[in-house]
Amino acid sequence: MLLSEFIANQNVKKELSECMENNSLPHTIIIEGENGTGKKTLANIIAEYCVCSSDGSSPCGICSDCIKAKKNIHPDIFIADGNNSGELSIDSIRSIRSSAYIKPNEAPAKVYILLNCENMLIPAQNAFLKVLEEPPENVFFIMTLPSASLLLNTVRSRARIFSLYPVPVKDAETELRKRFPEKNNEEIINAATVCAGNIGMAILMLNSGVNEASELAESIYSSITLSNEYMLLTLTSRLAKNRTFAVNVIDRLIELSAEAVKASVGAETFSSAAENAAKRFSRTRLMKIQNTAQKARDILNINVNMNFFCTWLCAALRS
Ligand SMILES: [Zn+2]
Numbered sequence: 059m060l061l062s063e064f065i066a067n068q069n070v071k072k073e074l075s076e077c078m079e080n081n082s083l084p085h086t087i088i089i090e091g092e093n094g095t096g097k098k099t100l101a102n103i104i105a106e107y108c109v110c111s112s113d114g115s116s117p118c119g120i121c122s123d124c125i126k127a128k129k130n131i132h133p134d135i136f137i138a139d140g141n142n143s144g145e146l147s148i149d150s151i152r153s154i155r156s157s158a159y160i161k162p163n164e165a166p167a168k169v170y171i172l173l174n175c176e177n178m179l180i181p182a183q184n185a186f187l188k189v190l191e192e193p194p195e196n197v198f199f200i201m202t203l204p205s206a207s208l209l210l211n212t213v214r215s216r217a218r219i220f221s222l223y224p225v226p227v228k229d230a231e232t233e234l235r236k237r238f239p240e241k242n243n244e245e246i247i248n249a250a251t252v253c254a255g256n257i258g259m260a261i262l263m264l265n266s267g268v269n270e271a272s273e274l275a276e277s278i279y280s281s282i283t284l285s286n287e288y289m290l291l292t293l294t295s296r297l298a299k300n301r302t303f304a305v306n307v308i309d310r311l312i313e314l315s316a317e318a319v320k321a322s323v324g325a326e327t328f329s330s331a332a333e334n335a336a337k338r339f340s341r342t343r344l345m346k347i348q349n350t351a352q353k354a355r356d357i358l359n360i361n362v363n364m365n366f367f368c369t370w371l372c373a374a375l376r377s
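With positions in the sequence shown counted from 1, the corresponding number in our numbering is that position plus 58.
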């Protein structure tokens with residue numbers, strides 16, 4: 059990924075690209091920002107710049123160093139994550155410190171990416187300080203954490219701090235559209251708005267939404283088959299929380315009911331919910347469920363009150 063492809067945060071991009079053009083990248087960089095704002099992505103871009111062996115503008119994206127960096131297999135890029143036990147302990151920092159004085163394996167420079175430095179304890183920070191005071195030539199340290207204020211003053215004062223923020227909602231929408239071409243506009247706008255421009259959170263929401271919705275649809279379909287009214291009521295009430303989520307669930311419910319209808323005439327299905335329903339219900343009943351699911355989808359297309367919708371759906375599926 060090129061710095062120009064990194065979304066918004068124009069000030070940070072401008073400052074960094076000036077450093078890159080003038081060959082004046084600071085040896086110690088702190089990237090601060092809330093979760094989901096792209097700290098790790100930016101750290102990777104900087105690391106790729108540092109190891110790129112192209113004579114032209116870097117990162118070139120095509121030299122062997124850039125390619126290895128992209129695949130996370132570059133021998134001169136080291137990553138330690140404070141969320142993993144011991145990776146930023148005082149012992150680990152000491153070994154990072156001594157390895158920093160060894161020449162790079164193949165790239166022009168060596169990069170240490172230290173993620174989640176909020177978990178770096180004071181003794182480890184003090185041990186780290188020794189190498190920051192006089193960093194070896196061609197060695198770069200990139201630290202990420204929610205706020206630089208969580209580090210010792212002495213560490214902070216030896217680094218250049220770059221602060222990342224959520225991007226404008228419109229910019230987030232553009233980025234999400236690129237990443238999720240299969241999602242409809244409404245889902246994209248909803249995720250970007252709910253997450254207030256925090257792209258990482260919106261990606262998480264769009265990804266988890268799919269599985270969660272699919273699982274809930276299976277459970278709803280099973281509860282119809284089991285004639286478990288209480289279960290059906292509890293499950294359908296979960297649709298009230300978010301309209302986009304409800305759309306995903308109902309779409310999957312429509313697929314499941316179509317599968318069950320086909321299974322009732324001998325077609326193969328990979329859904330146990332559809333298979334059980336096909337065994338238990340008549341084809342007429344299965345088609346009725348399919349119609350109800352389709353009707354639910356039509357209702358969601360108009361701006362319906364979600365609590366009303368859940369009550370209606372539960373009653374319609376029960377009958
Ligand atoms: Zn390159």
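In this text, a Cβ means the ideal position worked out from N, Cα and C, and glycines have one as well.
Within its own chain, the residues whose Cβ lies closer than 7 Å to the Cβ of GLN183, once the five positions on either side in sequence are excluded, are LEU209, LEU210, VAL213, listed in chain order. Excluding its 5 nearest sequence neighbours in each direction, ARG235 has C-beta neighbours in its own chain below 6 Å: ILE246, listed in chain order. Of the residues THR302, LYS320, ASP134, the one whose Cα lies closest to the Cα of MET263 is THR302. With a cut-off of 8 Å on Cβ pairs, the segment 299-315 is in contact with the segment 268-278, counting three or more such pairs. In this structure, the beta-carbon distance from ALA331 to TYR288 does not fall below 7 Å. Here the C-alpha atom of LEU179 lies approximately 32 Å from the C-alpha atom of GLU164. Here VAL197 really is in contact with ALA158; their C-beta atoms are around 5 Å apart, less than 8 Å.
Judged by DSSP in its simplified three-state form, MET178 adopts coil rather than helix or strand. A distance below 7 Å between beta-carbons, with the five flanking residues on each side excluded, links LYS71 to the following residues of its chain, in chain order: LEU61, PHE64. With distances taken between CA atoms, SER122 lies nearest to HIS132 out of GLY114, LYS98, HIS132. The beta carbon of SER115 sits no closer than 6 Å to any heavy atom of ligand 1. A Cβ-Cβ contact shorter than 7 Å links ILE88 with ALA206. Relative to ligand 1, the nearest heavy atom lies less than 6 Å away from the CB of SER112.
Along the length of the segment 117-147, whole beta strand (DSSP E) runs at least 3 residues long occupy 135-139, reported in chain order. Short note on CYS368: C-beta not closer than 6 Å to any heavy atom of ligand 1. Placement of the Cβ of CYS121 at a distance of less than 6 Å from at least one heavy atom of ligand 1 is found. Set against 6 Å, the gap from the CB of CYS175 to the closest heavy atom of ligand 1 is not smaller.
Assignment of GLU90 by DSSP, reduced to helix, strand and coil, places it in the strand class.
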